[in-house]
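A.B. asks: Quick one: the structure is below, questions incoming.
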Amino acid sequence: MKKIIILVLFCALSINLLAQYSTKQRFEFAHHLIKSNDFDEALIELKLLENKTSSDSLYYLKGWSLYSLKQLESSAQNLQKVKPESSFYHKSHFFAAYNYAHTKNYNDAKQVLMKIELDQKLVQLKNFEISGIALLERDLNTYETSRLKTTEILPSLQFEVVNLNKLHASIKNRKPKKMWLAGLMSAVVPGSGKIYAGKTGEGIASMLMVASTGLITWENHRKLGIRNFKTILFGSIFTIFYVGNIYGSVFSVKISNEEFNHEMDQKILFNIHIPLRNIFD
31 MKKIIILVLF
41 CALSINLLAQ
51 YSTKQRFEFA
61 HHLIKSNDFD
71 EALIELKLLE
81 NKTSSDSLYY
91 LKGWSLYSLK
101 QLESSAQNLQ
111 KVKPESSFYH
121 KSHFFAAYNY
131 AHTKNYNDAK
141 QVLMKIELDQ
151 KLVQLKNFEI
161 SGIALLERDL
171 NTYETSRLKT
181 TEILPSLQFE
191 VVNLNKLHAS
201 IKNRKPKKMW
211 LAGLMSAVVP
221 GSGKIYAGKT
231 GEGIASMLMV
241 ASTGLITWEN
251 HRKLGIRNFK
261 TILFGSIFTI
271 FYVGNIYGSV
281 FSVKISNEEF
291 NHEMDQKILF
301 NIHIPLRNIF
311 D
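Residue numbers (our numbering): 31 to 311.
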């Protein structure tokens, strides 16, 4: 009877050790795949581990793989699960906040940052990220009150703080172009609204098309009368070009404003991303 009990205990212990060894091997293999940039394969391995463990390492590796694959919202959700006692805690939560900022979930990004339990040396990084998010939201007042002073910051943040201040100045000093004004300008002088929007070439082209079809219409009207087929044809073409020139000017201003905001957003995200990679990699 004793021998049977000992045999059963030995088998149970062996199975447990084998399972642990297998889990450890899978983690090591997943880590190797991530280092080799095989993130899809790493996620497959990590998926197999989900039924066996819910460790911080699992959430970190899964979150980092998803981050590398640009699946930022899913990445943030996994990185947030890493607990404070983990060595990956600060990196995981700072990158979770960045992922939310990149996907325009600014409130979630700020909430993650506010909840991070910080070492003193990371307080400035937290404040820097919060000021960057304020700039993404175009909350210029919050940015001005929360931004770091260049005389007080760590060397690892100085260059990015200067860049962020320059972007703030660009946003603050730019006067957004008005769509109604572009439409009005093009109604009075065809093409001028597009020139106002910064599309000089398109504005000149619109001006020439509207002017040429208008002159042809007037000439046919003068020689052949208003009911002549050519007058009606060229008059219709002139009307299409004239109305299109007004609509195009309004649309050009809309696109110009969107392009400026997109460019600023990309530069802000780039600047708040660099310190994360420098500090945590």
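All C-beta atoms, glycine included, are put in the ideal place defined by N, C-alpha and C.
I'd like the list of long-range same chain contacts for residue 96, defined as Cβ closer than 7 Å, with 5 residues on each side in sequence excluded.
C.D. replies: Position 66 of the sequence shown holds residue 96. Taken in chain order, the residues that qualify are 104, 105 and 108.
A.B. asks: Output the distance between the C-alpha atoms of residue 263 and residue 128, rounded to the nearest integer angstrom.
C.D. replies: Within the sequence shown, the letter at position 233 stands for residue 263. Within the sequence shown, the letter at position 98 stands for residue 128. Roughly 57 Å between the two C-alpha positions.
A.B. asks: Are residue 223 and residue 215 close, meaning C-beta to C-beta below 7 Å?
C.D. replies: Translated into positions along the sequence shown, residue 223 becomes position 193. Translated into positions along the sequence shown, residue 215 becomes position 185. It is a contact, given that the beta carbons lie within the stated cut-off.
A.B. asks: Please state the DSSP three-state secondary structure of residue 185.
C.D. replies: Mapped onto the sequence shown, residue 185 falls at position 155. Residue state, collapsed to three classes: helix.
A.B. asks: Please report the Cβ distance between residue 306 and residue 132, rounded to the nearest whole angstrom; I am assuming they are in contact, meaning their Cβ atoms lie under 8 Å.
C.D. replies: For this step, residue 306 is matched to residue 276 along the sequence shown. For this step, residue 132 is matched to residue 102 along the sequence shown. About 12 Å separates the two Cβ atoms, so there is no contact after all.
A.B. asks: For a test of the three-state rule: what should DSSP assign to residue 146, helix, strand or coil?
C.D. replies: Mapped onto the sequence shown, residue 146 falls at position 116. Three-state result, residue 146: coil.
A.B. asks: Can you tell which of 57, 287 and 125 has the C-alpha that lies nearest to the C-alpha of residue 311?
C.D. replies: Here the question's residue 311 lines up with position 281 in the sequence shown. Of 57, 287 and 125, the residue nearest in Cα terms is 125.
A.B. asks: May I ask you to verify whether the stretch 248-268 touches the stretch 167-182, counting CB pairs closer than 8 Å and requiring at least 3?
C.D. replies: No contact exists between the stretch 248-268 and the stretch 167-182.
A.B. asks: Contact between the stretch 267-279 and the stretch 136-143 is defined here as three or more beta-carbon pairs at a separation below 8 Å; is this criterion met?
C.D. replies: The stretch 267-279, when compared against the stretch 136-143, does not touch it at the 8 Å Cβ threshold.
A.B. asks: Unbroken alpha helix (DSSP H) runs of length 4 or more, entirely within the stretch 238-303: which are they?
C.D. replies: If we require 4 residues or more, the stretch 238-303 turns out to have no alpha helix (DSSP H) run fully inside it.
A.B. asks: Below 8 Å, can you find three or more Cβ-Cβ pairs linking the stretch 238-250 to the stretch 187-194?
C.D. replies: No, the stretch 238-250 does not touch the stretch 187-194.
A.B. asks: Using the rule of at least 16 other Cβ atoms within 10 Å of the residue's Cβ for burial, across every protein chain shown, is residue 74 buried or exposed?
C.D. replies: Indexing the sequence shown from 1 puts residue 74 at position 44. Classification of residue 74: exposed, given that the 10 Å Cβ count is below 16.
A.B. asks: Nearest to residue 308 by CA position, among 293, 259, 188 and 290, is which residue?
C.D. replies: The count along the sequence shown starts at 1 and reaches residue 308 at position 278. Ranking 293, 259, 188 and 290 by Cα distance to residue 308 puts 188 first.
A.B. asks: Out of 93, 302, 201 and 233, which one is the CA nearest neighbour of residue 212?
C.D. replies: In the sequence shown, counting from the first residue as 1, residue 212 sits at position 182. Comparing Cα positions, the closest option is 233.
A.B. asks: Buried or exposed, going by whether 16 or more other CB atoms sit within 10 Å of the CB of residue 292?
C.D. replies: In the sequence shown, residue 292 corresponds to position 262, counting from 1. Residue 292 is exposed by the Cβ-count criterion.
A.B. asks: Since residue 131 is in the alpha helix (DSSP H), which residue starts that stretch and which ends it?
C.D. replies: Against the sequence shown, residue 131 aligns to sequence position 101. 119-132 is the span of the alpha helix (DSSP H), which, as asked, contains residue 131.
A.B. asks: DSSP three-state label for residue 307, please.
C.D. replies: Numbered from 1 along the sequence shown, position 277 holds the residue referred to as residue 307. Helix, per DSSP.
A.B. asks: How close, in whole Å, do the beta carbons of residue 204 and residue 290 come, if the pair is a contact with beta carbons under 8 Å?
C.D. replies: Within the sequence shown, residue 204 is the residue found at index 174, counting from 1. Within the sequence shown, residue 290 is the residue found at index 260, counting from 1. Sure, about 7 Å apart at Cβ, within 8 Å.
A.B. asks: Identify which residue in 238, 77, 283 and 110 has its Cα closest to the Cα of residue 130.
C.D. replies: Walking along the sequence shown from the start, residue 130 turns up at place 100. For residue 130, the nearest C-alpha among the options comes from 110.
A.B. asks: Is residue 297 closer than 7 Å to residue 166 when the C-beta atoms are compared?
C.D. replies: Looking up residue 166 in the sequence shown gives position 136. Looking up residue 297 in the sequence shown gives position 267. Taking 7 Å as the Cβ cut-off, residue 166 and residue 297 do not qualify as a contacting pair.
A.B. asks: Please work out which residues of its chain come closer than 7 Å, Cβ to Cβ, to residue 295, disregarding the five sequence neighbours upstream and downstream, and give them in chain order.
C.D. replies: If you number the sequence shown from 1, residue 295 lands on position 265. Counting only Cβ-Cβ distances below 7 Å, and skipping sequence neighbours, we find 166.
A.B. asks: Report, in whole angstroms, the separation of the C-beta atoms of residue 221 and residue 237, which I expect to be a contact under 8 Å.
C.D. replies: Walking along the sequence shown from the start, residue 221 turns up at place 191. Walking along the sequence shown from the start, residue 237 turns up at place 207. 3 Å between Cβ atoms; contact.
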